[in-house]
Amino acid sequence: MRYPQGGGLTAERQHFREELRLQAAERFARGEASSVIAKDLRVSVRSVQRWRQAWEEAGPRALRSQGPASLPRLSQKQFTQLEAELAKGPAAHGWEDQRWTLSRVKTVIGRRFHLTYTIQGVRKLLVRNGWSCQVPARRAIERDDDAVAGWVKEVWPCAEDSRRPVEPPAPTGTGLLDSRLAAARTLFDTGAHRKLLADLPGLLADAHALEVGMPRHVLVTSLRWTGRPSRGR
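So for the sequence shown, full-length UniProt numbering puts the first residue at 1; every next one is plus one.
So this is what it looks like as structure tokens:
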């Protein structure tokens, strides 16, 4: 067991704290009181009490530093090497598709550099180095190699995003009516008149409920002959 470090300490500060703990250990062995040790070392009594408990359980080695507590960081050279690995595509690393997720990047970092990152740590690493999080709505039909390679190199999907995706609000009011009318026009374009006519009562009810001021006969005529409702009031 080694004494865990507080986050944000420099290497020099960590060494200084370790020396304090080891000095306290020598005085524990001499039977000195925690209050006296705390005063001499200019630390809190509570800290000395914690050190004493660790010393009693595992001896002086329990008070040695275990190293930095902050997450390991890839150097800029290592990140360049990581980008080269990512450019090979997920398939080169054993995955069947071309989607780079945070979890997969985390795995590559562990395999290549023997460092452990959290999912959030991977996210920050990528964003800090200019990568963006994008989910293409649909993949390119041509699926050419250049398009796939560029997509893999330049973006990564948010599959493990801990934040809930922001969904567009459901249409309400006149927006709901417009969406229904747009759907009706699509039915006309495809020649599905019967389905349109079955949906017409709902459109008329929406228009009436929303009080858009559109006469029923105008709406019926417009939909029947042009597929585009009149906007006159």
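All C-beta atoms, glycine included, are put in the ideal place defined by N, C-alpha and C.
What residue does the alpha helix (DSSP H) around residue i start on, and which one ends it?
i          : result
residue 77 : 76 to 87
residue 15 : 11 to 29
So for residue i, helix, strand or coil by DSSP?
i           : result
residue 44  : coil
residue 98  : coil
residue 110 : helix
residue 92  : helix
residue 121 : helix
residue 32  : coil
residue 126 : helix
residue 141 : Because the pLDDT at residue 141 is just 44, under 50, the model does not fix this residue reliably, and the value given afterwards should be weighed accordingly. Here residue 141 sits in coil by DSSP.
Please check the pair residue i and residue j, which I expect to be a contact at CB under 8 Å, by giving their CB distance rounded to whole angstroms.
i           : j           : result
residue 119 : residue 132 : No, residue 119 and residue 132 are not in contact; Cβ-Cβ is about 17 Å, not under 8 Å.
residue 38  : residue 63  : 15 Å between Cβ atoms; not a contact.
residue 34  : residue 49  : 5 Å
residue 98  : residue 91  : 7 Å
Could you check whether the region 73 to 88 touches the region 40 to 58, counting it as contact only if at least three pairs of C-beta atoms, one from each stretch, sit closer than 8 Å?
The region 73 to 88 vs the region 40 to 58: no contact.
Does the structure place the region 12 to 25 close enough to the region 44 to 54 that three or more beta carbon pairs sit under 8 Å?
A contact exists between the region 44 to 54 and the region 12 to 25.
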